[in-house]
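Worksheet: one structure, shown below.
2 protein chains.
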Amino acid sequence: MATPRLRIRKLSEPTISRLPVYQRIVESFRRRGITRIESSQIAQLTGVTATTVRRDLSGLGPLGTRGAGYDVDVLDQKIGEALGHDRTYSVVVVGMGNLGQALVNSSNFLIRGASLSALYDADPAVVGREIAGHVVRDINDPMIEATVGVICTPPSAAQEVADKLVAANVHAILNFAPTVVNVPIGVAVHYVDFSIELQILVFHLLNTMNFAGGILHSVGVTAQGQPDARAVD
Amino acid sequence: MATPRLRIRKLSEPTISRLPVYQRIVESFRRRGITRIESSQIAQLTGVTATTVRRDLSGLGPLGTRGAGYDVDVLDQKIGEALGHDRTYSVVVVGMGNLGQALVNSSNFLIRGASLSALYDADPAVVGREIAGHVVRDINDPMIEATVGVICTPPSAAQEVADKLVAANVHAILNFAPTVVNVPIGVAVHYVDFSIELQILVFHLLNTMNFAGGILHSVGVTAQGQPDARAVD
DNA sequence: ATTTGTGAAACCGTTCACAGCA
DNA sequence: TGCTGTGAACGGTTTCACAAAT
Numbered sequence: 135m136a137t138p139r140l141r142i143r144k145l146s147e148p149t150i151s152r153l154p155v156y157q158r159i160v161e162s163f164r165r166r167g168i169t170r171i172e173s174s175q176i177a178q179l180t181g182v183t184a185t186t187v188r189r190d191l192s193g194l195g196p197l198g199t200r201g202a203g204y205d206v207d208v209l210d211q212k213i214g215e216a217l218g219h220d221r222t223y224s225v226v227v228v229g230m231g232n233l234g235q236a237l238v239n240s241s242n243f244l245i246r247g248a249s250l251s252a253l254y255d256a257d258p259a260v261v262g263r264e265i266a267g268h269v270v271r272d273i274n275d276p277m278i279e280a281t282v283g284v285i286c287t288p289p290s291a292a293q294e295v296a297d298k299l300v301a302a303n304v305h306a307i308l309n310f311a312p313t314v315v316n317v318p319i320g321v322a323v324h325y326v327d328f329s330i331e332l333q334i335l336v337f338h339l340l341n342t343m344n345f346a347g348g349i350l351h352s353v354g355v356t357a358q359g360q361p362d363a364r365a366v367d
Numbered sequence: 135m136a137t138p139r140l141r142i143r144k145l146s147e148p149t150i151s152r153l154p155v156y157q158r159i160v161e162s163f164r165r166r167g168i169t170r171i172e173s174s175q176i177a178q179l180t181g182v183t184a185t186t187v188r189r190d191l192s193g194l195g196p197l198g199t200r201g202a203g204y205d206v207d208v209l210d211q212k213i214g215e216a217l218g219h220d221r222t223y224s225v226v227v228v229g230m231g232n233l234g235q236a237l238v239n240s241s242n243f244l245i246r247g248a249s250l251s252a253l254y255d256a257d258p259a260v261v262g263r264e265i266a267g268h269v270v271r272d273i274n275d276p277m278i279e280a281t282v283g284v285i286c287t288p289p290s291a292a293q294e295v296a297d298k299l300v301a302a303n304v305h306a307i308l309n310f311a312p313t314v315v316n317v318p319i320g321v322a323v324h325y326v327d328f329s330i331e332l333q334i335l336v337f338h339l340l341n342t343m344n345f346a347g348g349i350l351h352s353v354g355v356t357a358q359g360q361p362d363a364r365a366v367d
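Read top to bottom, the protein sequences are chains V and P. Numbering-wise (my numbering), the first sequence opens with residue 135 and increments by one. Numbering-wise (my numbering), the second sequence opens with residue 135 and increments by one.
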């Protein structure tokens with residue numbers, strides 16, 4: 135039973151997307167043996183304002199010390215709790231092309247409660263091979279149940295794969311194929327589209343060359359903030 | 135000399151991130167020979183409201199016809215103009231691991247004005263190989279000038295690569311390494327972090343299982359809208 | 001003295017409701 | 001009639017300014 139689970143009331147969408155970034159910074163401080171961190175330091179490194187950082191963190195309960203900043207260990211743990219890192223969940227990845235391999239071999243993808251359940255591919259040359267400690271299964275084999283499914287197939291196969299994932303009781307899908315997939319109500323789909331990321335970046339480049347701050351993932355652009363890169367790894 | 139460039143005044147950040155999605159839908163209509171499209175159809179397929187679609191598009195000037203919807207050709211072209219697709223720009227990709235290969239081999243990444251200039255890697259076993267029609271260069275070779283640089287290296291190398299890119303006059307960086315990089319003012323950095331995407335998805339799964347709509351890349355979750363997946367490819 | 005935490009104001013984007021046109 | 005385009009209302013997030021705490 136451990137700690138009684140304090141239900142976090144209302145974390146806004148923008149806050150949720152920033153918390154993982156904060157946590158990465160906090161952990162890099164921790165690894166370097168620094169025990170305290172200030173909102174202004176997180177702000178500097180992420181490009182958001184210190185006020186926003188404090189407002190975000192205040193949603194997790196009062197965890198800073200006025201005058202001194204936040205305790206790095208406490209902050210790391212509290213953010214982790216808020217994001218549900220104490221819960222584990224299973225992941226299946228479909229499509230073992232370069233992208234699928236990049237994901238499962240990355241030391242940065244399946245972290246914080248995620249555990250890889252199975253890999254699938256349609257290519258007979260790939261099925262049976264061992265990747266990241268898992269034998270790649272045939273997409274036509276019965277699909278293992280999992281919490282999250284990751285689609286790394288060509289777009290033409292994405293819908294079919296999504297259907298299979300839903301049938302295997304998957305509740306959330308991370309879709310790297312540039313296609314909209316149709317799923318029942320209650321299944322979350324999150325899209326990642328490299329081409330669109332690039333287009334957004336280029337738009338900014340061509341138009342507004344004068345924008346400030348914001349090195350956050352997904353909308354980040356550095357400017358005056360001059361974050362100290364070496365501070366984060 | 136061509137069309138006089140109408141400077142687009144103010145396109146909001148959310149609008150900019152939706153336009154590429156709209157365009158993808160418009161083009162799928164076009165490929166199927168459909169000549170008109172309504173805001174409600176785009177809305178259905180993206181999960182945003184029809185009003186938002188119209189509001190977004192109205193920023194590009196009046197291009198619809200009241201009573202009938204939008205002309206597919208005109209809309210495609212206008213969105214392309216707004217996003218700067220009539221301008222070409224060059225891209226260098228650094229790091230030819232699985233991710234780098236996935237990107238340059240994808241038919242969906244380098245589109246709309248992007249042209250690949252050069253590939254780089256640090257691994258002698260990879261340098262000299264031909265990938266996507268380009269011989270992979272050594273990261274220590276002089277770097278070709280380009281508009282955009284893409285970092286697909288391990289995080290430990292990201293800062294060094296960013297420095298080299300900046301020295302090669304790159305003005306925008308798409309960083310797939312989970313690290314903050316330090317660049318001079320005027321250089322845009324956009325971060326893509328798979329782990330964070332996954333964490334955000336799982337947060338939603340664990341907490342609010344009751345949220346509506348929004349199948350857009352980056353914050354998308356399907357629900358009642360029931361977009362017809364087959365309509366887009 | 002310094003930094004957190006937070007009401008209140010300002011700002012921005014979305015939605016509503018409807019006018020404008022084909 | 002049907003759908004676009006948009007002023008106005010709304011809701012939510014960020015920023016300001018300052019009180020609270022050590």
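Heads up, the beta-carbon is just placed ideally off N, CA and C, and yes, glycines get one too. These numbers were taken from a predicted model, which means no experiment stands behind them.
Quick check on residue i - is its C-beta less than 7 Å from some C-beta in chain P?
i, result
"Ile245/V", "yes"
"Ala346/V", "Only weak support exists for where Ala346/V lies, its pLDDT of 32 falling under 50; the coordinates are left without a value."
"Glu331/V", "yes"
"Gly218/V", "yes"
"Leu299/V", "no"
"Ser151/V", "yes"
"Pro148/V", "no"
"Leu253/V", "no"
"Val206/V", "no"
"Asn274/V", "no"
"Ala259/V", "no"
Counting C-beta neighbours from all protein chains within 10 Å, is the total for residue i 16 or more, i.e. buried, or is it exposed?
i, result
"Asp257/V", "exposed"
"Ala292/V", "buried"
"Phe345/V", "Confidence at Phe345/V is low in this model, with a pLDDT of 34, below 50, so its placement is unreliable and no value can be given for it."
"Glu147/P", "exposed"
"Gly167/P", "exposed"
"Thr169/V", "exposed"
"Thr222/V", "exposed"
"Ile285/V", "buried"
"Asn309/V", "buried"
"Ser96/V", "The requested residue 96/V is not part of the displayed model; chain V covers only 135 to 367."
"Ala306/P", "buried"
"Lys212/V", "buried"
"Gly75/P", "As displayed, chain P neither begins before 135 nor continues past 367, which places residue 75/P out of reach and without an answer."
"Arg271/P", "buried"
"Val269/V", "exposed"
Would you say residue i and residue j are within 7 Å of each other, going by their C-beta atoms?
i, j, result
"Ala311/P", "Pro276/P", "no"
"Leu233/P", "Leu153/P", "no"
"Leu197/V", "Met230/V", "no"
"His324/P", "Leu237/V", "no"
"Val228/P", "Val295/P", "yes"
"Ile171/P", "Gly203/P", "yes"
"His421/V", "Ala322/P", "Examination of residue 421/V is not possible in this model, given that chain V is present from 135 through 367 alone."
"Val225/P", "Val282/P", "yes"
"Ile150/V", "Leu179/V", "no"
"Ile245/V", "Ser173/P", "no"
"Val326/V", "Glu215/P", "no"
"Gly195/P", "His219/P", "no"
"Ile278/P", "Ser249/P", "no"
Against chain V, does residue i count as a neighbour if the rule is that its beta carbon must be under 7 Å from one of theirs?
i, result
"Leu197/P", "no"
"Leu250/P", "no"
"Ala291/P", "no"
"Ala302/P", "no"
"Ala322/P", "yes"
Find the residues of chain P that neighbour residue i, judging by a C-beta separation of less than 8 Å, and give them in chain order.
i, result
"Thr281/V", "Val336, Leu339"
Show which residues of chain P have a CB atom less than 9 Å away from the CB atom of residue i.
i, result
"Gln211/V", "Within 9 Å Cβ-Cβ: nothing; Gln211/V doesn't reach chain P, min ~15 Å."
"Leu237/V", "Asn232, Leu233, Phe328"
"Arg221/V", "Val336, Leu340"
"Arg188/V", "Those do not exist, as Arg188/V stays about 20 Å from chain P at its closest Cβ, beyond 9 Å."
"Arg164/V", "In chain order: nothing, as chain P lies at least about 16 Å away."
"Arg263/V", "Correct list: empty, because the minimum Cβ distance to chain P is about 14 Å."
List, in chain order, every chain V residue whose beta-carbon is nearer than 7 Å to that of residue i.
i, result
"Leu194/P", "Within 7 Å Cβ-Cβ: nothing; Leu194/P doesn't reach chain V, min ~13 Å."
"Ala202/P", "Within 7 Å Cβ-Cβ: nothing; Ala202/P doesn't reach chain V, min ~24 Å."
Starting from residue i, find everything on chain V with Cβ-Cβ shorter than 8 Å and list it in chain order.
i, result
"Val182/P", "Result: empty, since nearest Cβ-Cβ is about 12 Å, beyond 8 Å."
What residues from chain P crowd round residue i, counting only those whose CB sits closer than 7 Å?
i, result
"Leu308/V", "Glu331, Leu332, Leu335"
Starting from residue i, find everything on chain V with Cβ-Cβ shorter than 9 Å and list it in chain order.
i, result
"Val155/P", "Val314, Tyr325, Asp327, Ile330"
Length-filtered (4 minimum) alpha helix (DSSP H) runs lying within the segment 291-343 of chain V: Listed in chain order, the alpha helix (DSSP H) elements of length 4 or more contained wholly in the segment 291-343 of chain V are 328-340.
Completely contained alpha helix (DSSP H) runs for the segment 222-271 of chain V, where each covers 4 or more residues: Counting only runs that start and end inside the segment 222-271 of chain V, the alpha helix (DSSP H) elements of at least 4 residues fall at 232-239.
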